[in-house]
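**Q**
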Amino acid sequence: MEDTPTDADTTPEVAPLDVDGVGAVAVGTAAWAVGLVLCLVLRGPLADAGNGWWTWVCLTGAVLGLAGLWYVRRRRDAYRRAATPATPDA
Numbered sequence: 001m002e003d004t005p006t007d008a009d010t011t012p013e014v015a016p017l018d019v020d021g022v023g024a025v026a027v028g029t030a031a032w033a034v035g036l037v038l039c040l041v042l043r044g045p046l047a048d049a050g051n052g053w054w055t056w057v058c059l060t061g062a063v064l065g066l067a068g069l070w071y072v073r074r075r076r077d078a079y080r081r082a083a084t085p086a087t088p089d090a
């Protein structure tokens with residue numbers, strides 16, 4: 001029996017792209033904001049179709065995204081402060 005390489009042997013390890021989540025939350029918040037702008041521009045047709053509530057969903061997503069962005073940036077900064085060695089005062 002020959003020793004054939006498996007997928008686990010040949011697949012390189014992939015490093016995480018965004019460890020702290022700031023980029024992901026920022027992109028998601030921007031997407032909700034774009035959706036909100038589109039809903040505001042198309043307010044009339046959306047209301048005629050019975051989908052006027054989409055505007056409120058986009059507004060809620062953008063506001064919660066801003067809150068999430070504040071949180072993940074604060075968490076990232078705390079992690080960075082904890083990772084740097086403390087310098088003793090002379």
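For the sequence shown, the positions run 1 to 90 when this note's numbering is used. The beta-carbon is built from N, C-alpha and C at its ideal position, and this holds for glycine as well.
Can you tell me which of the three DSSP states Pro16 falls into?
**A** Looking up residue 16 in the sequence shown gives position 16. Looking at Pro16 - three-state DSSP - the assignment turns out to be coil, as it is neither helix nor strand.
**Q** Between Gly68 and Gly35, is the Cβ-Cβ spacing less than 9 Å?
**A** The residue given as residue 68 occupies position 68 in the sequence shown. The residue given as residue 35 occupies position 35 in the sequence shown. No, these two residues do not count as a Cβ contact at 9 Å.
**Q** Is it the case that the CB of Leu36 approaches a heavy atom of the ligand FMN more closely than 8 Å?
**A** This structure lacks the ligand FMN; in fact it carries no ligand of any kind.
**Q** In the DSSP assignment, find the unbroken alpha helix (DSSP H) run with Leu36 in it and report its ends.
**A** The residue you call residue 36 lines up with position 36 of the sequence shown. Leu36 -> alpha helix (DSSP H) spans Val22 to Val41.
**Q** Which value, in whole angstroms, describes the spacing of the CA atoms of Ala26 and Gly65?
**A** Against the sequence shown, residue 26 aligns to sequence position 26. Against the sequence shown, residue 65 aligns to sequence position 65. Near 7 Å, if we compare the C-alpha coordinates of Gly65 and Ala26.
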